[in-house]
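Accompanying notes for the structure given below.
In this note's numbering, the protein residues as written are 15 to 279.
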């Protein structure tokens, strides 16, 4: 565990069937922020840097990418960032190779992590930490199961064909030369009529802090979002995450309570 004046960071593992080929294995960094401080999502928004995890694992264990939970939109003056307040677990799936063999006398797998993050309020502090975990090979590791289960629920979900009897479809085009016109068909019924937040996974395309308009027409959600004045490219594919807009009041809206919204991508 690493504790600074701004965060507490802890390496966690979840291996409910032990460490074996074909069995689920998750590692993750849990960050607990001091009030008013935050770290960043994969697209940090107008400023900041995403948290970086560099693993050193035994042969036969392969760490994937961070399964980023749904972020919050965090206004900072005239800017807008995407990130996390309160407590967040950044989970990483680990593949155990079919050839993995720790040896007959080995009891543990040694997991090492070097992590770096930028923690900000109005000012920003770059921080890093080194973590080591002894992961039992033949017994279950499920002490943090609830935290990993909550992190799984916080993952943006794909909009599946047939969920509402509607084939999902989305389109985007440049309108008026300086705005992105988005149309999404087939979002879950529970979202219809709700005001949504949009989180672009690609940075420097839209004006993150700008006011934008949105509307529903039956099952079709549309939005018109100003493009970034300084954008250097117009990508042909721009994944986004949509979620019901966070309440303006309450613990969850200010990062001190759990964010129970479901995101869709």
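By construction, the Cβ of each residue, glycine as well, lies at the ideal position given by its N, Cα and C atoms.
> Does the beta-carbon of residue 188 have 16 or more other beta-carbons within 10 angstroms, so that it is buried, or is it exposed?
Replying inline: Position 174 of the chain shown, counting from 1, holds the residue named residue 188. With fewer than 16 neighbouring CB atoms inside 10 Å of its own CB, residue 188 falls in the exposed class.
> Do you know offhand how far residue 45's Cα is from residue 160's?
Replying inline: Reading the chain shown from its first residue, position 31 is the one you call residue 45. Reading the chain shown from its first residue, position 146 is the one you call residue 160. Our two residues, residue 45 and residue 160, have alpha carbons roughly 16 Å apart in a direct line.
> Do residue 228 and residue 216 have their C-beta atoms within less than 8 Å of each other?
Replying inline: Sequence index remark: in the chain shown, residue 228 carries index 214 (1-based). Sequence index remark: in the chain shown, residue 216 carries index 202 (1-based). Their beta carbons are not under 8 Å apart, which means residue 228 does not touch residue 216 by this criterion.
>> In whole angstroms, give me the CA-to-CA distance for residue 86 and residue 34.
In response: On the chain shown, position 72 is the one that residue 86 refers to. On the chain shown, position 20 is the one that residue 34 refers to. The straight-line gap from Cα to Cα measures roughly 36 Å.
> So is residue 97 buried or exposed if we call it buried at 16+ other beta carbons inside 10 Å?
Replying inline: Numbered from its first residue, the chain shown carries residue 97 at position 83. Buried is the call here.
> Sorted by chain position, which residues of the same chain lie with C-beta nearer than 8 Å to residue 51's C-beta, five sequence neighbours on each side aside?
Replying inline: Start at 1 with the first residue of the chain shown, and residue 51 comes out as number 37. Contacts found: 20, 21, 99, 133, 134 and 135.
> What separation, rounded to the nearest whole angstrom, lies between the Cα atoms of residue 88 and residue 95?
Replying inline: As a first step, residue 88 must be located in the chain shown, where it is residue number 74. As a first step, residue 95 must be located in the chain shown, where it is residue number 81. Taking the Cα positions, residue 88 is about 5 Å away from residue 95.
> Helix or strand or just coil, what does DSSP make of residue 180?
Replying inline: Your numbering for residue 180 matches position 166 in the chain shown. Below a pLDDT of 50, predicted positions are generally treated as unreliable, and residue 180, at 47, falls in that range; the measurement from the model is reported next regardless. Coil at residue 180, not helix or strand.
> Going by DSSP, which residues form a beta bridge with residue 238?
Replying inline: Here residue 238 is taken as the residue at index 224 of the chain shown, counted from 1. The partner list for residue 238 (beta bridge, DSSP) reads 195 and 227.
>> Which of the three DSSP states is assigned to residue 265 in this structure?
In response: As a working note, residue 265 is residue 251 in the chain shown. Residue placement at residue 265 is flagged as unreliable, the pLDDT there being 42, under the threshold of 50; a coordinate-derived value is accordingly withheld.
> With distances taken from CA atoms, which of 204, 67 and 223 is nearest residue 61?
Replying inline: Position 47 of the chain shown holds residue 61. Here the closest residue by C-alpha is 223.
>> Within 10 Å of its beta-carbon, does residue 129 have 16 or more other beta-carbons around it, so buried, or fewer, so exposed?
In response: Residue mapping note: residue 129 aligns to position 115 of the chain shown, counting from 1. Answer is buried; the Cβ neighbour count reaches 16.
>> Using only the alpha-carbon positions, how far apart do residue 157 and residue 113 sit?
In response: In the chain shown, counting from the first residue as 1, residue 157 sits at position 143. In the chain shown, counting from the first residue as 1, residue 113 sits at position 99. Going by the C-alpha atoms only, they are around 27 Å apart.
> Does the Cβ-Cβ distance between residue 162 and residue 42 come in under 8 Å?
Replying inline: The residue labelled residue 162 in the question sits at position 148 within the chain shown. The residue labelled residue 42 in the question sits at position 28 within the chain shown. Yes, these two residues count as a Cβ contact at 8 Å.
>> Please report the straight-line C-alpha distance between residue 74 and residue 233, rounded to a whole angstrom.
In response: Numbered from its first residue, the chain shown carries residue 74 at position 60. Numbered from its first residue, the chain shown carries residue 233 at position 219. Going by the C-alpha atoms only, they are around 47 Å apart.
>> Out of 200, 192 and 278, which one is the CA nearest neighbour of residue 214?
In response: Translated into positions along the chain shown, residue 214 becomes position 200. Out of 200, 192 and 278, 278 has the C-alpha closest to the C-alpha of residue 214.
>> Taking 8 Å as the threshold (C-beta atoms), are residue 106 and residue 37 in contact?
In response: Locating residue 37 in the chain shown gives position 23, where the first residue counts as 1. Locating residue 106 in the chain shown gives position 92, where the first residue counts as 1. Against a cut-off of 8 Å, the Cβ pair of residue 106 and residue 37 comes out as no contact.
>> With a threshold of 7 Å on Cβ separation, who are the neighbours of residue 230 within its own chain once the five nearest residues in sequence on each side are excluded?
In response: On the chain shown, residue 230 is found 216 positions in, with the first residue counted as 1. The beta carbon of residue 230 is closer than 7 Å to those of 206 and 207 in its chain, skipping five residues each way along the sequence.
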